[in-house]
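Q: Encoded as structure tokens, here's the structure I'll be asking about.
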Amino acid sequence: MLNQSSAETLECLYQLLNYVDEDDEALIRDATLRYGNDYLEICNQARGLLSSLGDRADGEVRRFYELLADHAMGRIRGFGNAAYALARYMELGGREVVLRVQFRLMGFAEDVVEDLIRAGVLMHRSRDVLFVPEYLIPRLLEISGDITIPDVKELLSGANIRELIAVEAAVFGARPVNWLFRAIYGMDFRELITGTRIDGLLDGSVGELILNPAIDVQAVRALIHEMKDSAARSFKRILSPHGQYMYSRVARCGVVYTVFGEGGRELILLCPWVLPSRRFLDYHSREERVIVVGTSPSNEFAKLMRRHTEELPSRTGFVFLSNNEAMVYSPRASSKSFDSFLDFLYRSNLKVTYLD
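Residue 22 in our numbering sits at position 22 of the sequence shown, with consecutive numbering throughout.
Written out as structure tokens, the structure reads:
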């Protein structure tokens with residue numbers, strides 16, 4: 001029976017076998033793109049084959065994998081780079097909304113997903129998920145393509161603090177303590193995500209941070225460390241605290257461990273920008289610490305800090321640096337070390353004000 005079936009009918013039967021949603025809207029949409037006015041006839045033929053073959057359908061279709069692969073490859077002309085990107089960088093499918101953003105970040109046209117569905121390179125497994133047919137995978141893995149890899153250093157050189165936070169969150173998989181993030185930046189982290197769009201690099205418009213899959217994540221991580229280290233060193237020159245400087249890849253900030261003459265000591269965390277994750281907050285959390293951040297806090301900062309006072313280590317204070325001003329929020333527990341640190345601020349020619 002299958003020997004007399006068209007490649008289109010076999011292709012449609014294959015998708016029927018792999019479609020898992022009760023709602024067949026996405027299935028019909030694929031068939032309409034792929035078969036045009038003949039979609040209904042081809043779908044009915046495929047359903048008839050599925051009904052007659054029953055449990056044998058999958059095994060029978062497998063006998064025609066080479067035919068199906070040839071059929072799809074014959075329609076791929078003009079979309080070779082997109083097919084290459086799908087196989088090389090995009091794990092041969094995934095959630096449709098993510099794939100669309102990834103293709104856009106890689107410079108493809110908005111309708112490239114429809115083109116690949118039309119060619120039979122992509123199929124809906126469910127309403128939200130697309131996949132490459134099994135018979136086509138070996139062929140796609142053999143093709144070559146031309147994908148432009150963006151210059152991440154150039155892209156980040158013009159990024160603002162919020163964009164840098166989003167990139168850091170994406171490449172390190174980090175998430176902030178949301179109330180503290182709001183206290184510092186005046187917005188929920190989700191607002192930051194949905195408002196982020198860095199062409200060629202990162203897009204959060206669908207509610208999650210999606211990176212261009214062609215970039216080297218390890219290289220972006222190294223660049224984030226480099227940028228933070230460089231800016232933290234400039235903070236140290238401004239504040240001139242005693243002690244050896246180091247950069248912590250755990251906390252992702254500059255660190256100065258200062259010992260004062262009367263025996264007190266303070267851990268100074270120098271943060272050009274900060275993603276206040278639980279991991280960051282737990283970094284030497286029992287020490288006397290001051291977190292120096294290179295931005296002004298939101299107007300809600302002091303109020304939110306008081307509301308969540310028990311959720312922060314009692315020996316941690318904050319200093320925000322902006323426009324030659326140092327805005328201070330003292331630790332909950334009184335600290336001679338913090339008082340000694342304030343002396344650095346007053347000697348630094350910064351205008352010192354207090355948030356609490």
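Each residue gets a CB set at the ideal place from its N, CA and C atoms; glycine is no exception. Bear in mind that the values here come from a model prediction, so they are computed numbers and not experimental data.
#1: So is H386 buried or exposed if we call it buried at 16+ other beta carbons inside 10 Å?
#2: With DSSP as the reference, label L312 as helix, strand or coil.
#3: Going by DSSP, what residue range makes up the beta strand (DSSP E) through F79?
#4: Extract the residue ranges of the beta strand (DSSP E) inside the region 40–112, only unbroken runs of 3 or more that lie entirely within it.
#5: In three-state terms, what does DSSP make of N349?
#6: Could you tell me whether any Cβ in chain C is nearer than 8 Å to the Cβ of S277?
#7: To the nearest angstrom, how far is the alpha carbon of E168 from that of L116?
#8: Should I291 and L269 be called a contact, given that it needs their Cβ atoms to be closer than 8 Å?
#9: With DSSP as the reference, identify every bridge partner of D203, one or two as the case may be.
#10: According to the neighbour-count rule (16 or more other Cβ atoms, all chains shown, within 10 Å of its Cβ), is V20 buried or exposed?
#11: Restricting to Cα atoms, I'd like to know which of C253, N18, F131 is closest to G294.
#12: To the nearest angstrom, how far is it from the Cα of Q4 to the Cα of I193?
#13: Run through the DSSP bridge pairs and tell me what F320 is partnered with.
#14: Are the region 120–128 and the region 28–37 in contact at 8 Å, needing three or more beta carbon pairs?
#15: For the candidate residues L141, L16, M73, whose alpha-carbon lies nearest to that of A46?
#16: I need the straight-line Cα distance from Y35 to A57, nearest angstrom please.
#17: Rounded to whole angstroms, how far is the Cβ of F344 from the Cβ of P241, which I believe are closer than 8 Å?
#18: Given a cut-off of 8 Å on the beta-carbon distance, is the pair L68 and E11 in contact?
#19: Closer than 6 Å by C-beta to A83: which residues in its own chain qualify, once you throw out the five before and the five after it? Chain order, please.
#20: Might you give, ordered along the chain, the residues of its own chain that have their beta carbon closer than 8 Å to the beta carbon of E66, omitting 5 neighbours on each side?
#21: If S298 sits next to G186, beta carbons under 8 Å apart, how far is it from one beta carbon to the other, in whole angstroms?
#22: What would DSSP say about R249, mapped onto helix, strand or coil?
#23: Cβ of L105 within 8 Å of Cβ of N212?
#24: Measure the alpha-carbon distance for A87 versus D111 and round it to whole angstroms.
#25: Return yes when the Cβ of L92 is within less than 8 Å of the Cβ of I137, no when it is not.
A: On the basis of the supplied data:
#1: Nothing about residue 386 can be read from this structure; the chain reaches only from 1 to 356.
#2: coil
#3: Taken as a continuous stretch (DSSP letters only), F79 belongs to no beta strand (DSSP E), as it is neither H nor E.
#4: 93–95
#5: coil
#6: Structure shown: chain C not included; a single protein chain is present.
#7: 32 Å
#8: yes
#9: DSSP links D203 through a beta bridge to R197, I210.
#10: exposed
#11: C253
#12: Annotation note: pLDDT 49 at Q4 (below 50); position unreliable, no value reported.
#13: V293, M327
#14: yes
#15: Distances from the CA of A46 to each of L141, L16, M73 were compared; the closest alpha carbon is that of L16.
#16: For Y35 and A57, the distance between alpha carbons rounds to 22 Å.
#17: 5 Å
#18: Yes, the Cβ-Cβ distance between L68 and E11 is below 8 Å.
#19: I76, V121, L140
#20: Y135
#21: 3 Å
#22: coil
#23: yes
#24: 18 Å
#25: yes
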